[in-house]
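No gaps in the numbering here: position 48 of the sequence shown is 47 in numbering that gives the first Met the number 0, and each next residue is one more.
Ideal placement from N, C-alpha and C gives every residue a C-beta, glycine not left out.
The structure presented is a predicted model; accordingly, all values stated were derived computationally and were not measured.
See structure below.
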Amino acid sequence: MSRVVIVGHGPAGHRVAELLRARDPRMRITVFGAEPEPAYNRVLLPSVIAGKLTAEATRLTDHGDDRIVVRTGVVVDDVDRVRRVVLTSDGEAHPYDDLVLATGARCFVPPLPGLVDEDRNPAGNVVALRTLADCRRLEGYLPAARRVVVLGGGLLGLEAARALTERGHDVDVVHMGPHAMERQLDAPAGRTLAAVLDRLGIRVHAGRTAMSYLDGGLALDDGSTLPADLVVVSAGVVPDTDLARRAGLQVGRGVVVDDRMRTSDPNIHAIGDCAEHAGLVPGLIAPAWDQAETLAESLTGGHRPYTATRTLARLKARGVDLAVIGDGNHESDDAEVVTLADPARGRYARLVVLDERVVGAILLGFPQSVGTVTQLFDADAPLPVDRLALLVGRTAAEVVDGPEHLPDQAVVCRCNNVTKESLTAAWRKGAHNARDLADVTRATTGCGGCAGVVEGFCRWLRDAQPAREHPLLSPTLVQQGSDRVRNPGDLRQPVPDVEDRAGR
């Protein structure tokens with residue numbers, strides 16, 4: 000009987016525990032989570048800030064199995080690699096045959112006067128946004144905060160800024176880069192996005208550096224000061240490698256792993272935001288899902304080498320529809336680049352094509368084309384000749400094969416790693432509309448970008464798999480389907496591939 004200890008109960012640690020349970024019923028799994036919370040999806044934190052979701056609504060499915068022991072609020076202090084035990088904050092020692100580090104990342108807080116205290120923790124009226132506890136701390140400051148400055152113009156920073164404006168706060172965003180989200184967007188997209196945000200009441204100060212936060216104002220490097228009753232920090236994250244360093248493992252930016260997610264100790268593995276593979280620390284949720292699949296295969300006798308994950312970054316903010324698929328900023332002499340710019344209406348598209356395949360895309364204000372371009376990208380399928388028609392919204396059925404031709408493991412919802420197989424299984428158990436499918440599988444409940452695709456699956460399933468083909472679907476069950484299949488744990492099967500956002 001193999002004993003696996005997982006350090007970290009975020010999305011990556013939760014996912015690998017589920018996959019291991021499905022693959023090897025004999026395995027005994029212990030998970031330690033430093034946070035007192037059950038596992039939850041960090042991608043949804045901006046929705047908590049906006050008041051659209053409760054903390055409970057972000058929770059991942061309970062394991063519901065005594066083969067997985069979850070210890071929340073327990074920190075792993077050290078690893079004895081010789082005896083193969085982990086030592087925890089409650090004074091206990093837990094043996095392992097394989098150890099998985101899923102310790103995630105910490106929010107980076109610039110050590111500026113007034114921004115941090117003497118212990119380099121966020122000072123008063125400063126919140127570093129990373130966890131549900133941070134959301135609760137933020138909630139405590141909001142009643143007295145009229146003007147808020149968000150430090151950092153990446154995905155999470157912009158989502159937090161929009162959530163705060165929805166609650167009536169004046170918001171400025173300070174970003175060191177030449178424009179917001181410069182890693183994902185080219186300059187024209189950045190300018191268009193800034194104009195869209197400005198119309199929503201969010202002022203972006205790009206190319207500026209914060210110097211101090213004193214007397215209710217954030218001083219910038221150009222000598223100006225932004226009034227700020229509250230500063231929300233979303234200035235990037237740092238992989239949490241402290242435990243790995245103490246254990247003597249090889250660490251670069253993150254814990255260095257090979258194609259099977261093994262560290263420099265073959266009995267210790269790392270996945271998610273703390274792992275560095277091929278010199279990269281992706282910091283997104285889709286690679287974490289993929290790494291969990293690779294590791295689960297490896298620990299149960301299979302072999303599925305991890306390679307770079309195809310990613311989708313979706314900005315989840317009301318009034319802004321932005322998706323970055325693959326490498327939207329890709330530049331090469333032999334690439335075909337198609338752009339559409341309509342700045343007056345806040346729209347910009349950039350499609351990068353190489354060998355008739357999508358290499359990357361930036362789609363701002365083109366929600367009708369996101370699903371189609373994503374499917375083409377995921378399937379590595381050739382593009383239609385008319386690129387402009389694709390960008391302005393030809394349906395997926397016009398340019399790629401329908402759902403019946405997708406493999407069972409094709410990912411439909413990246414935020415929650417929901418596959419065609421999961422949707423089909425839920426349909427067969429009675430979830431016969433998009434809302435019930437969302438209740439059962441959580442598809443569409445992340446960024447919402449897959450909503451149109453899920454509706455398309457409903458139409459296909461109605462035509463291809465009517466209820467009469469499934470004896471389990473009596474009229475009563477169809478009517479009560481969402482209640483009969485409410486627990487996504489009923490749909491346990493390995494899922495190999497997927498975002499965003501995770502994080503970030």
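| Asked | Found |
| --- | --- |
| CA-to-CA distance, Gly282 to Arg105, given in whole angstroms | 11 Å |
| Thr371 (DSSP reduced to helix, strand or coil) | helix |
| Boundaries (first-last residue) of the beta strand (DSSP E) holding His204 | 201–205 |
| Own chain partners of Phe31 with C-beta closer than 6 Å, once the 5 adjacent residues on each side are dropped | Val6, Arg70, Val73, Val75 |
| Cβ contact check for the region 359–379 and the region 448–460: 3 or more pairs under 8 Å | yes |
| Limits of the unbroken beta strand (DSSP E) element including Glu275 | 274–276 |
| Val391 (DSSP reduced to helix, strand or coil) | coil |
| Beta-carbon proximity check, Gly153 vs Ser233, cutoff 9 Å | yes |
| Reduced DSSP secondary structure (H/G/I, E/B, other) of Phe107 | coil |
| Collapsed DSSP secondary structure at Thr57 in the structure displayed | helix |
| Selection from Arg161, Ala340, Asp407, Ala348 that minimises the alpha carbon distance to Ile324 | Ala348 |
| Whether Glu158 touches Pro10 by CB criterion (9 Å) | no |
| N- and C-terminal bounds of the alpha helix (DSSP H) containing Ala21 | 10–22 |
| Where the alpha helix (DSSP H) containing Arg145 begins and where it ends | Arg145 -> no alpha helix (DSSP H), and no H or E assigned at all. |
| Whole-angstrom C-beta distance between Ala291 and Ile504, which should lie under 8 Å | Look at the range of the chain in this structure, 0 to 503, and you will see that residue 504 is not part of it. |
| Boundaries (first-last residue) of the alpha helix (DSSP H) holding Ala160 | 154–165 |
| Nearest-angstrom Cβ-Cβ length linking Ala205 and His168, presumed shorter than 8 Å | Going by Cβ atoms, the distance from Ala205 to His168 rounds to 20 Å, so no, they are not a contact pair. |
| Where the alpha helix (DSSP H) through Cys457 begins and ends | 450–463 |
| Runs of alpha helix (DSSP H) lying entirely within the region 21–48, each at least 4 residues, in chain order | 44–48 |
| Backbone CA spacing between His8 and Val352 [nearest angstrom] | 39 Å |
| Inter-residue CB distance, Leu131 and Ala54 (contact presumed, cutoff 8 Å) | 5 Å |
| Helix, strand or coil at Gly359 according to DSSP, with G and I counted as helix | strand |
| Burial state of Val81, where buried means 16 or more other Cβ atoms lie within 10 Å | exposed |
| Contact between the region 253–261 and the region 291–304 (3+ Cβ pairs under 8 Å) | yes |
| Arg427 - containing alpha helix (DSSP H), residue span | 419–427 |
| Residue of Thr102, Ala160, Asp171 minimising C-alpha distance to Ile48 | Ala160 |
| Continuous alpha helix (DSSP H) assignments of at least 4 residues falling wholly in the region 239–279 | 241–245 |
| Spatial neighbours of Asp64 in its chain, beta-carbon cut-off 8 Å, leaving aside the 5 residues before and after | Arg20 |
| Val384 burial status per 10 Å Cβ neighbour count (16 or more: buried) | exposed |
| Proximal residues to Leu201 (C-beta, below 8 Å), its chain only, five neighbours per side dropped | The sequence as given places Ile at residue 201; Leu does not occur at that position. Leu157, Ala160, Arg161, Thr164, Val170, Asp171, Val172. |
| Neighbour-count burial assignment, Asn120, 16 or more Cβ in a 10 Å radius | exposed |
| With 16 other Cβ atoms within 10 Å as the buried cut-off, status of Ala193 | buried |
| Leu59 and Pro35 closer than 9 Å at C-beta | no |
| Assigned secondary structure, Gly189 (DSSP; H/G/I helix, E/B strand, else coil) | helix |
| Residue nearest to Asp272 in terms of C-alpha spacing, selected from Gly253, Pro265, Asp289 | Gly253 |
| Cβ distance (whole Å) where Val125 is taken to contact Tyr212 below 8 Å | 7 Å |
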